[in-house]
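So the sequence shown is numbered by the working numbering: it starts at 3 and just counts up by one.
Cβ atoms here follow ideal geometry from the backbone N, Cα and C, with glycine treated the same way.
These notes are about the structure you will find just below.
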Amino acid sequence: MLHTRTTYSTFMIRINAVRPSSSGVPFAHRHAFQEAVMPEQQADTYLRPFMRYQRVLIYGGGVLVTLAIFAALAFHMVSIVERYVARERHDLAFDLQHIGDETAQIDAILRNNALNGELMWQQGAMPPNADVDQFFRDNRVFSLRSHPTILVIGITAGTISRTQVAQVIRFAVNMAPLLDVIASRHGAPISAYAVSANRTLAVLSLRRPPTGAELARLVADRQALGRQLTDQLPATTDRYMTDHVPSGLRSVHWLKPSSDLLTGLPIIRLATTVNDSPRRRAPLFDVVFEFPSQLVTASLPQARFNGAFAVLAKGDVIASTATNALTRTALEHALQTLPTWPPSGSVAWSLGSLMILERFGTTDWSLVYVVPWQTILGELDSPVIATLTTSLGIIALIWILLLVFDHNVFRPTLAAAIRVSESEHLNRVLISTAPIGLALIDMDTAVPLLRSPMMTALEATMSNRSDKAAAELVHHYERVMRKSARADESGQPGSVTDILAFERVGAAPMKAALRMAPARYQGRNVLVVTLADVTTEQELQVKLAEAHRAAEASNAAKSAFLATTSHEIRTPLHAMLGNLDFLARSDLDTSQRDRLCIIQEAGQQLARIIDDILDLSKIESGDMQYENIAFDIVTLIEQELVLYLPNAQLKSVAFLHIFRAFEPRWLIGDPTRIAQIIRNLLSNAIKFTDQGKIVVILDISPGTDPASSSVIELGVQDTGIGIESEHQAAVFDAFRQVDGTVTRRFGGTGLGLSLCKRLAAGMSGSISVDSTPGIGSRFCLRIPAVAALHPASDERTGSLAGKTVILATSHPEWTEHATNLLTRWGE
């Protein structure tokens with residue numbers, strides 16, 4: 003009892019504390035006192051977490067969109083550079099084709115001369131002995147009388163047989179007319195020489211006859227002459243016996259640059275072997291043709307490229323086009339990193355410079371092409387600046403719209419909801435602390451055992467004493483129970499509900515709402531009595547009605563807040579998409595229009611994601627409604643195919659369909675949701691298919707009678723990336739894809755197939771997948787539908803009856819589809 007009175011006193015103190023003060027105490031002091039004695043109340047227990055969630059959703063969405071734009075920007079920058087690299091490689095490959103043709107022509111000339119040498123080796127008469135004697139008499143040097151530019155020289159101090167000298171002179175005489183023909187075709191004398199297999203004799207074909215001093219210099223040191231002639235040639239020609247290219251042709255070797263025997267100018271040399279016959283391939287000579295080294299530099303495509311070229315032979319630079327410090331520095335760094343490069347035909351990057359390594363024609367040499375990063379940036383500055391400006395402008399626009407939405411829509415709506423919630427909380431406190439008298443009365447003695455402060459206050463106003471009032475309540479209970487002998491309307495046996503009038507001292511009678519029920523307390527039979535002054539009931543009912551209205555207003559505000567939030571999220575998004583459509587109709591260049599298309603697609607994708615999330619939420623909450631109306635399944639599918647045909651054509655993917663069985667054509671169902679499933683399946687098929695074809699197959703299994711359900715079986719088959727068998731079940735889970743690489747390569751939220759499965763289940767249907775990685779996938783949708791009772795007639799049915807049709811198609815799928823339609827129209 004003491005505890006109950008203390009609680010009542012505390013309650014009264016708090017009520018008095020919030021009354022206006024007339025004692026002149028400053029308002030700040032009164033406010034501090036109220037905070038000290040009043041318990042801290044949370045204005046709301048769910049709006050504040052919801053507020054945080056909405057802010058995270060708004061600004062987190064802005065951050066995600068910003069990151070997506072930056073990712074798209076980075077991807078676009080990479081694509082710009084990749085297109086530049088592809089263009090450079092394409093142009094370089096075109097010029098390398100010409101270089102390859104030139105080197106192949108030179109190889110062919112050398113092979114033909116070697117073959118002619120083999121054929122002429124043993125033809126013709128041996129030279130007279132006088133020529134052999136003159137060779138030994140002139141210090142092992144013999145000059146052909148008809149061709150003074152052709153010399154036969156001994157390059158060893160050892161013994162040389164007269165027979166070998168005679169054979170070599172005959173070889174030189176036989177080859178002289180051929181060299182004249184080659185020189186006449188090229189318009190200039192040919193420099194070439196042949197070294198015997200045993201490295202004792204050499205046949206020199208010089209560009210001009212040597213002077214006496216030049217000839218003396220050549221034969222002064224025969225060993226040095228032999229080393230110069232056989233430089234980079236093998237000590238023996240045994241390797242040439244099997245050294246043939248895969249085509250079976252004689253191999254030609256491009257040697258490192260050397261110097262001309264007479265002028266000392268740099269030259270390049272090509273070497274092959276001459277055998278004693280084309281069949282035996284026993285080596286006789288190493289034949290070497292010489293060309294000016296300027297021919298290599300002249301063959302490089304300098305005018306069309308901004309980078310620098312270098313031709314390398316086993317790491318040594320043969321020719322280079324680096325003309326300034328920038329290209330020379332980039333080329334030097336490229337040559338330093340050359341040992342770590344991949345094989346020819348590759349692209350590498352180092353310190354921002356582009357480096358391409360290719361084979362120089364048909365030779366064993368390498369061609370290095372280097373473009374400094376400064377040159378690349380200078381060529382790509384316009385598209386890069388335009389892309390950066392557009393992306394930053396879009397990001398700024400998005401954040402401005404988000405801030406405006408937060409300040410003008412979200413915050414005012416949330417503030418109104420919080421005020422309504424605070425009012426609701428106050429009303430609930432008032433209801434929970436409503437003044438009601440409570441007492442426990444001993445039914446045997448009619449003595450009150452416990453009384454609440456409110457019960458004491460009510461008894462104090464009565465004219466009867468408390469003990470008489472308690473006895474009257476017990477007698478009234480016993481009287482009512484004897485009369486009723488049954489449970490009251492509440493369904494609890496022994497309880498009594500009534501309204502009694504009590505006389506009050508100096509006041510009008512008090513009508514009290516009474517409720518009594520038996521109970522046990524401390525081993526006694528007690529009567530639990532609740533008593534309330536009914537004279538104030540109307541006031542309490544008014545308060546309760548106001549509290550109820552406030553609660554309804556709070557719920558309405560919360561519902562309006564959620565509806566407003568969803569609407570306002572879509573409103574700026576659709577405003578952005580609408581303005582982008584207007585912008586698409588303005589004059590834009592190709593690059594701007596491409597970027598605008600990317601932004602439009604991203605916005606439309608975001609709108610589709612929001613719609614999918616709302617649909618998924620409706621399905622999970624059981625609020626999704628399905629229609630049952632008549633629709634034409636063939637027309638429905640054809641409309642969706644027309645929508646997605648341009649997307650398939652952009653990827654050069656064949657977009658086909660087959661209608662195998664399409665009767666009954668008019669069905670009862672929800673065409674909107676069926677079309678939504680078809681769109682998701684077609685979108686996935688196009689997204690994951692880079693080449694090949696996509697085939698849509700319709701097959702309807704009619705019911706046994708008009709009242710039974712038909713089964714719509716729709717298959718979407720593609721030649722895309724496919725799905726591993728262990729991942730096929732997971733593709734129908736919400737927000738899941740096969741793995742992270744699929745999301746990184748193709749994007750998406752993982753909602754499409756999950757939504758398809760739930761929509762199909764909502765229409766008593768199902769969806770399944772059969773897929774093989776690297777071959778493709780087939781998704782099969784099965785939905786039951788009742789045939790329409792009064793379907794519209796197809797005017798084309800019977801229009802081809804009795805006519806002959808010649809059909810030509812590009813795919814067998816078209817043949818099957820067209821045959822089914824034409825058969826139907828011919829009935």
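Member of R784, L442 and A116 whose CA lies at the smallest distance from the CA of M765: Closest option to M765, Cα to Cα, is R784.
Where K560 sits in the DSSP three-state scheme: For K560, the predicted model reports a pLDDT of 44, less than 50, meaning its position is unreliable; a value from the coordinates is still stated below. Taken through DSSP and simplified to helix, strand or coil, K560 comes out as helix.
Pairwise C-alpha distance: R681 and A75: With the sequence shown as reference, residue 75 is identified as Leu, and Ala is not the correct amino acid for it. Approximately 28 angstroms between the Cα atoms of the pair.
Inter-stretch contact (C-beta, 8 angstroms, three-pair minimum) for the segment 287–295 and the segment 258–273: Three or more pairs of CB atoms, one per stretch, sit closer than 8 angstroms, so the segment 287–295 contacts the segment 258–273.
Environment of P179 [buried if 16+ CB atoms lie within 10 Å]: Only exposed fits P179, as fewer than 16 other CB atoms lie within 10 angstroms of its CB.
Per-residue burial, T161 [other beta carbons within 10 Å of its own, 16 or more giving buried]: With fewer than 16 other Cβ atoms within 10 Å, it is exposed.
Whole-angstrom C-beta distance between R517 and T2, which should lie under 8 angstroms: Residue 2 lies beyond the residue range present for the chain, which begins at 3 and ends at 829; the question has no answer from this structure.
Endpoints, the beta strand (DSSP E) within which V205 is located: V205 -> beta strand (DSSP E) spans L203 to S207.
Residue ranges of each alpha helix (DSSP H) within the segment 604–684, 4 or longer: Qualifying alpha helix (DSSP H) stretches, in chain order: 635–652.
Alpha-carbon spacing of N686 relative to L658, whole angstroms: Looking at the two C-alpha atoms, the distance is approximately 15 angstroms.
Complete beta strand (DSSP E) runs within the segment 346–401 (minimum length 3 residues, chain order): Here the runs fully enclosed are 348–352, 355–361 and 368–373.
Cα-Cα separation between P268 and V313, rounded to whole angstroms: For P268 and V313, the distance between alpha carbons rounds to 15 angstroms.
In chain order, each beta strand (DSSP E) run of at least 3 residues that lies wholly inside the segment 162–187: The qualifying runs do not exist here; there are none.
The segment 686–702 touching the segment 644–654, judged by at least three CB pairs closer than 8 angstroms: Yes: the two stretches touch, three or more of their Cβ pairs being nearer than 8 angstroms.
Cβ pair V349, A310 closer than 9 angstroms: Against a cut-off of 9 angstroms, the Cβ pair of A310 and V349 comes out as no contact.
Length of the line joining the Cα atoms of V39 and P455: Residue confidence is low: V39 scores 40 on pLDDT, short of 50, so the model does not pin down where it sits. No coordinate-derived value is stated.
DSSP three-state assignment for Q527, whether helix, strand or coil: Gln is not the amino acid found at residue 527; the sequence shown has Asn there. For N527, the three-state secondary structure derived from DSSP is strand.
Residue burial classification, W367 (beta-carbon count within 10 angstroms, cutoff 16): Buried, since its Cβ has 16 or more Cβ neighbours within 10 Å.
Contact set for A441: own chain, Cβ-Cβ below 6 angstroms, skip 5 residues either direction: P450, R453, M457 and V531, listed in sequence order.
CB contact flag (V134, M177, <9 angstroms): Not a contact, by the Cβ cut-off of 9 angstroms.
The segment 714–733 / the segment 767–787 touching (three or more Cβ pairs under 8 angstroms): Counting Cβ pairs under 8 angstroms, three or more are found: they touch.
Contacts around M578, its chain only, beta-carbon distance under 7 angstroms, and the 5 residues preceding and following it disregarded: For M578, same chain residues with a beta-carbon under 7 angstroms away, outside a window of 5 residues either side, are G605 in chain order.
Limits of the alpha helix (DSSP H) - the one that H835 falls within: The question about residue 835 has no answer, for the chain in this structure spans 3 to 829.
Option in Y55, A534 and H477 with minimal Cα separation from G439: Among Y55, A534 and H477, the Cα nearest to that of G439 is on A534.
Q230 - DSSP class collapsed to helix/strand/coil: Residue state, collapsed to three classes: helix.
A315 and L257 closer than 9 angstroms at C-beta: If you check the CB distance, A315 and L257 come in under 9 angstroms.
Counterpart residues of H550 in DSSP-defined beta bridges: Its beta-bridge partners do not exist; DSSP assigns none.
Opening and closing residue of the alpha helix (DSSP H) in which K759 lies: Start and end: G754 to G764.
Alpha-carbon to alpha-carbon, Q594 and R587: Rounded to whole angstroms, R587 to Q594 spans 12 angstroms at the Cα level.
Which of helix, strand or coil DSSP assigns to G717: For G717, the secondary structure class from DSSP, reduced to helix, strand or coil, is strand.
Top-ranked residue by Cα proximity to V254, from A106, I378, E360 and M53: Ranked by Cα distance from V254, the options A106, I378, E360 and M53 are led by A106.
Segment limits, beta strand (DSSP E) that includes L451: Its beta strand (DSSP E) spans residues P450 to R453.
N- and C-terminal bounds of the alpha helix (DSSP H) containing G214: Per DSSP, G214 belongs to the alpha helix (DSSP H) from G214 to A222.
From T447, Q607 and A159, residue whose alpha carbon lies closest to that of D223: Of the candidates T447, Q607 and A159, the one whose C-alpha sits nearest the C-alpha of D223 is A159.
Residues that N277 bridges to, as DSSP identifies them: N277 pairs with P285.
Closest by C-alpha distance to E640, when choosing among I714, N630, A677 and D672: For the set I714, N630, A677 and D672, the Cα lying nearest the Cα of E640 is the one of A677.
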